[in-house]
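Asks: Let me begin by handing over the structure; questions about it come next.
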Amino acid sequence: MEQIHIKDDFIKLGQALKLAGLVGSGVEAKVEILDGQVLVNGKVELARGKKLYNGDVISYNGQEVMIQT
(Lines of atoms letter the chains of each structure in order from A; the text may use other names.)
(Lines give C-alpha, C1' and ligand atoms only; values in the text may rest on other atoms or scores of the structure.)
Protein backbone atom coordinates (compact mmCIF):
# COMPACT_ATOMS: atom_id res chain seq x y z
CA MET A 107 0.00 0.00 0.00
CA GLU A 108 1.31 3.40 -0.97
CA GLN A 109 1.55 6.15 1.64
CA ILE A 110 1.38 9.91 1.34
CA HIS A 111 2.87 12.09 4.04
CA ILE A 112 1.21 15.33 5.11
CA LYS A 113 2.51 18.13 7.31
CA ASP A 114 -0.83 19.30 8.69
CA ASP A 115 -3.33 17.44 10.87
CA PHE A 116 -5.54 16.62 7.88
CA ILE A 117 -5.84 16.81 4.09
CA LYS A 118 -9.02 17.05 2.05
CA LEU A 119 -9.96 14.07 -0.10
CA GLY A 120 -9.66 15.84 -3.45
CA GLN A 121 -6.21 17.15 -2.54
CA ALA A 122 -5.10 13.72 -1.35
CA LEU A 123 -6.14 12.10 -4.64
CA LYS A 124 -4.03 14.65 -6.54
CA LEU A 125 -1.07 14.36 -4.17
CA ALA A 126 -1.08 10.58 -4.52
CA GLY A 127 -1.13 10.88 -8.31
CA LEU A 128 -4.42 8.98 -8.57
CA VAL A 129 -6.04 11.80 -10.58
CA GLY A 130 -4.58 14.52 -12.77
CA SER A 131 -6.64 17.49 -11.61
CA GLY A 132 -9.09 18.77 -9.06
CA VAL A 133 -11.88 18.56 -11.63
CA GLU A 134 -11.11 14.88 -12.24
CA ALA A 135 -11.07 14.26 -8.48
CA LYS A 136 -14.47 15.95 -8.11
CA VAL A 137 -16.03 13.88 -10.91
CA GLU A 138 -14.69 10.56 -9.60
CA ILE A 139 -15.76 11.32 -6.02
CA LEU A 140 -19.26 12.39 -7.05
CA ASP A 141 -19.57 9.25 -9.21
CA GLY A 142 -19.00 7.14 -6.08
CA GLN A 143 -15.69 5.74 -7.34
CA VAL A 144 -13.65 6.66 -4.23
CA LEU A 145 -13.71 4.79 -0.93
CA VAL A 146 -12.43 6.13 2.38
CA ASN A 147 -11.78 3.44 4.97
CA GLY A 148 -13.85 0.99 2.91
CA LYS A 149 -16.93 3.20 2.48
CA VAL A 150 -18.03 5.25 -0.52
CA GLU A 151 -17.30 8.93 0.09
CA LEU A 152 -19.15 11.57 -1.93
CA ALA A 153 -17.69 14.71 -0.30
CA ARG A 154 -14.53 15.97 -1.97
CA GLY A 155 -13.88 18.17 1.09
CA LYS A 156 -13.88 15.17 3.46
CA LYS A 157 -11.03 15.64 5.92
CA LEU A 158 -8.59 12.74 6.06
CA TYR A 159 -6.38 12.12 9.07
CA ASN A 160 -3.42 9.93 9.94
CA GLY A 161 -4.22 6.28 9.19
CA ASP A 162 -7.14 6.91 6.83
CA VAL A 163 -7.08 4.81 3.64
CA ILE A 164 -8.27 5.94 0.21
CA SER A 165 -9.23 3.29 -2.35
CA TYR A 166 -9.61 4.24 -6.01
CA ASN A 167 -9.32 2.31 -9.23
CA GLY A 168 -7.76 -0.74 -7.58
CA GLN A 169 -5.17 1.28 -5.67
CA GLU A 170 -4.97 2.04 -1.96
CA VAL A 171 -3.21 4.97 -0.32
CA MET A 172 -2.75 5.55 3.42
CA ILE A 173 -2.47 9.02 4.93
CA GLN A 174 0.55 9.48 7.22
CA THR A 175 1.50 12.51 9.31
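So the number in the working numbering is just where the residue sits in the sequence shown, counting from 1, plus 106.
We put the beta carbon where it would ideally sit given N, CA and C, even for glycine.
1. Which residue spans inside the segment 117-152 form an unbroken alpha helix (DSSP H) run of at least 4?
2. With distances taken from CA atoms, which of Glu-138, Tyr-166 and Tyr-159 is nearest Asp-114?
3. If you drop the 5 nearest sequence neighbours on each side, which residues of the same chain put their C-beta closer than 6 angstroms to that of Leu-125?
4. Would Asp-162 be called buried (16 or more neighbouring beta carbons within 10 Å of its own) or exposed?
5. For Gly-127, which of Gln-169, Ile-139 and Gln-174 has the nearest alpha-carbon?
Replies: So, from the data block:
1. Listed in chain order, they are 119-125 and 132-140.
2. On the sequence shown, residue 114 is found 8 positions in, with the first residue counted as 1. For the residues Glu-138, Tyr-166 and Tyr-159, the minimum Cα distance to Asp-114 belongs to Tyr-159.
3. Locating residue 125 in the sequence shown gives position 19, counting from the first residue. Within the same chain, Leu-125 has close Cβ partners Ile-110.
4. Residue numbering aside, residue 162 sits at position 56 when the sequence shown is read from its first letter. Classification for Asp-162: buried.
5. One-based indexing of the sequence shown puts residue 127 at position 21. Comparing alpha carbon positions, the residue from Gln-169, Ile-139 and Gln-174 closest to Gly-127 is Gln-169.
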